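Enquirer: Numbering (the working numbering), first residue to last: 3 to 508. Dropping a structure here in structure tokens format, bear with me for questions.
Structure below.
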């Protein structure tokens with residue numbers, strides 16, 4: 003359910019697009035930092051071998067950010083960064099899943115069935131019929147199912163094994179939203195599995211009659227704005243301490259990385275009135291999972307014009323045996339499916355953050371199918387079944403031009419990863435591990451056309467008013483440093499987003 007005060011829905015607004023909010027960002031430039039994926043366990047790399055270009059987004063329209071993630075950008079709070087794959091030790095490829103063609107594999111269906119049985123009172127928590135491993139969650143977090151010392155909650159002893167192996171994810175290639183697919187059946191997934199209906203079947207808001215009165219547990223999933231509460235922060239602290247052995251977390255950091263967002267809300271132009279549990283606006287949300295009133299998990303997600311985008315997942319450690327990572331992944335897939343089914347134009351994907359082939363904990367993402375990796379040079383999408391064999395042999399691959407691939411770095415294959423393996427690792431631009439690096443730029447990036455460069459705007463805020471001017475006519479253009487910064491930022495934003503994002507040079 004959407005927990006806000008705006009429950010009214012005006013029919014004529016379903017088809018009438020609102021004016022797109024303006025976008026405003028301050029470019030920081032190229033940065034070099036240590037790597038959290040190829041360092042020793044629990045630590046980062048010694049060398050500054052991870053290269054990015056970053057900017058601080060004052061505000062972004064959801065369409066501008068959609069265009070940015072389609073160019074390899076990602077946000078951590080209001081800080082947006084684009085990895086330089088050709089130079090970094092652990093290239094980070096944007097990965098997305100086509101939710102319109104997804105059907106859950108047998109192991110994914112088992113997670114749903116098992117959790118529903120627990121909620122309805124017909125099964126034990128973490129009950130394993132055939133082996134369901136504890137794998138990284140949708141936001142890249144290690145996850146399993148919920149084990150708990152509270153017998154009343156878990157209903158029994160944890161039986162899950164093979165932690166963090168990711169072996170149970172079986173590729174699937176087609177899905178339906180509660181109807182039978184016309185595609186040929188696959189041995190790895192059910193073509194007629196009603197994903198949305200099955201996920202709702204144990205949620206309290208969707209139960210009726212005697213079933214609602216007799217359930218063992220009250221299970222609720224709601225969407226709410228990405229705002230701070232003490233309850234959310236305590237869940238985050240518990241998760242970080244028990245799962246990542248990190249107990250040095252502050253409220254300020256939690257707010258900055260997981261609550262603050264540059265995305266400006268804009269009404270979703272549904273073709274028909276959506277039910278109450280679907281979002282009315284594009285923007286950033288916290289997806290709250292509660293059992294008997296207890297917050298057991300929270301996903302940070304962005305709802306964008308063409309996708310739902312996983313940002314982060316945290317869960318209560320005592321619920322680990324319930325495979326909340328897998329459950330939240332299919333829940334986010336189903337959310338995109340439902341938004342699409344009510345006529346939101348273009349909605350069709352789940353973006354799962356970055357895929358890092360040399361990090362074992364990231365490889366599970368490619369097992370949700372059909373998935374695609376973003377080509378770092380042509381910005382086209384390559385099916386994972388074609389991309390992964392190339393990444394087995396090469397460190398960096400522009401999939402449209404595989405002859406330009408580079409060999410793996412020595413000792414950098416299939417690393418376990420030393421740092422936090424969230425989809426978006428919280429980034430602090432003032433961190434000592436980050437440094438300005440004017441040379442940390444990639445020669446593989448295509449240059450912006452003269453026409454597009456002429457359309458780039460720079461701005462200045464005076465007295466609460468934003469004044470803009472074409473970059474090439476500004477005083478910034480006369481300074482070689484700021485001219486280079488503007489040109490680089492616009493080039494990395496791409497032809498479309500560079501025309502929307504007003505730059506605020508230093």
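From the three backbone atoms N, C-alpha and C, an ideal C-beta is built for every residue, glycine too. The structure displayed is predicted, hence computed values, not measured ones.
Helix, strand or coil: how does DSSP classify residue 202 here?
Expert: Residue 202: helix per DSSP, three-state reduction.
Enquirer: So, with DSSP's three-state summary, where would you put residue 123?
Expert: coil
Enquirer: Which of the three DSSP states is assigned to residue 275 in this structure?
Expert: coil
Enquirer: Ignore the nearest five residues each way along the sequence and tell me which others in residue 357's own chain have a CB closer than 7 Å to its CB.
Expert: The beta carbon of residue 357 lies closer than 7 Å to those of 95, 97, 364, 367, 368, 375 in the same chain, with the five residues before and after it left out.
Enquirer: Can you tell me whether residue 463 is helix, strand or coil according to DSSP?
Expert: strand
Enquirer: Of the residues 113, 262, 310, 261, which one's Cα is nearest the Cα of residue 283?
Expert: 310
Enquirer: Are residue 525 and residue 447 touching if we call contact CB-CB under 8 Å?
Expert: Lying before the first or after the last residue shown, residue 525 is absent from the chain, which here runs from 3 to 508.
Enquirer: Give me the Cα-Cα distance between residue 350 and residue 384, rounded to the nearest whole angstrom.
Expert: 16 Å
Enquirer: In chain order, what residues of the same chain lie with their CB nearer than 6 Å to the CB of residue 286, ignoring the 5 residues before and after it?
Expert: 228, 263, 265, 304
Enquirer: Distance, Cα to Cα, residue 65 vs residue 72?
Expert: Distance between the alpha carbons of residue 65 and residue 72: 11 Å.
Enquirer: Please state if the CB of residue 450 and the CB of residue 373 are separated by a distance shorter than 8 Å.
Expert: no
Enquirer: How about residue 27 and residue 392: are their beta carbons less than 8 Å apart?
Expert: no
Enquirer: Among residues of its own chain, excluding the 5 on either side of residue 2, which ones have a beta-carbon nearer than 6 Å to its beta-carbon?
Expert: Here the chain has residues from 3 to 508 only, and residue 2 is not among them.
Enquirer: Going along the chain, which residues of its own chain have a beta-carbon closer than 6 Å to the beta-carbon of residue 292, five neighbours each way excluded?
Expert: 222
Enquirer: Measure the C-alpha to C-alpha separation of residue 491 and residue 317 and round it to an integer number of angstroms.
Expert: Per the coordinates, the alpha-carbon of residue 491 lies some 36 Å from the alpha-carbon of residue 317.
Enquirer: Since residue 218 contacts residue 114 with CB under 8 Å, what's their CB separation in whole angstroms?
Expert: Contact flag wrong, Cβ pair sits at about 17 Å.
Enquirer: Go ahead and pull the three-state DSSP assignment for residue 484.
Expert: helix
Enquirer: Just the Cα atoms here: how many angstroms apart are residue 44 and residue 60?
Expert: 33 Å
Enquirer: Would you mind working out which of 482, 396, 497, 466 sits nearest residue 458, comparing C-alpha positions?
Expert: 497
Enquirer: Within the chosen definition, does the stretch 104-118 reach the stretch 327-337 through at least 3 CB pairs nearer than 8 Å?
Expert: yes
Enquirer: Helix, strand or coil: which one does DSSP assign to residue 324?
Expert: Of the three classes helix, strand and coil, the one that applies to residue 324 here is helix, per DSSP.
Enquirer: Can you tell me the Cβ-Cβ gap for residue 106 and residue 208, rounded? I've got them flagged as a contact below 8 Å.
Expert: Their Cβ separation, rounded to whole angstroms, is 19 Å, which puts residue 106 and residue 208 out of contact at 8 Å.
Enquirer: Would you kindly work out how many angstroms separate the C-alpha atoms of residue 52 and residue 224, rounded to a whole number?
Expert: Rounded to the nearest angstrom, the two C-alpha atoms are 37 Å apart.
Enquirer: Assuming residue 346 contacts residue 245 (C-beta within less than 8 Å), just tell me the rounded distance between them.
Expert: Incorrect: roughly 34 Å between the Cβ atoms, too far for contact.
Enquirer: Within a Cβ cutoff of 7 Å, which residues of the same chain sit near residue 30, ignoring the five residues on either side of it in sequence?
Expert: Once the five neighbours on either side are set aside, the close Cβ partners of residue 30 are 56, 57, 58, 431.
Enquirer: State buried or exposed for residue 483, treating a residue as buried only when at least 16 other CB atoms are found within 10 Å of its CB.
Expert: exposed
Enquirer: Taking all protein chains shown into account, decide if residue 298 is buried (16 or more other Cβ within 10 angstroms of its Cβ) or exposed.
Expert: buried
Enquirer: Going by DSSP, what residue range makes up the beta strand (DSSP E) through residue 304?
Expert: 296-306
Enquirer: Nearest-angstrom Cα distance between residue 258 and residue 77?
Expert: 11 Å
Enquirer: Can you look up residue 253 in the DSSP assignment and give me helix, strand or coil?
Expert: Here residue 253 sits in helix by DSSP.
Enquirer: Taking the straight line between their C-alpha atoms, what separation do you get for residue 348 and residue 314?
Expert: 24 Å
Enquirer: For the stretch 43-105, which segments carrying the alpha helix (DSSP H) assignment without a break, of at least 4 residues, lie completely within its bounds, in sequence order?
Expert: You should have 64-71.
Enquirer: Please state whether DSSP places residue 404 in a helix, a strand or coil.
Expert: helix
Enquirer: List the residues that DSSP assigns as beta-bridge partners of residue 288.
Expert: 226, 302
Enquirer: Around the Cβ of residue 502, are there at least 16 other Cβ atoms within 10 angstroms (buried) or fewer (exposed)?
Expert: buried
Enquirer: Can you tell me which of the three DSSP states residue 24 falls into?
Expert: coil
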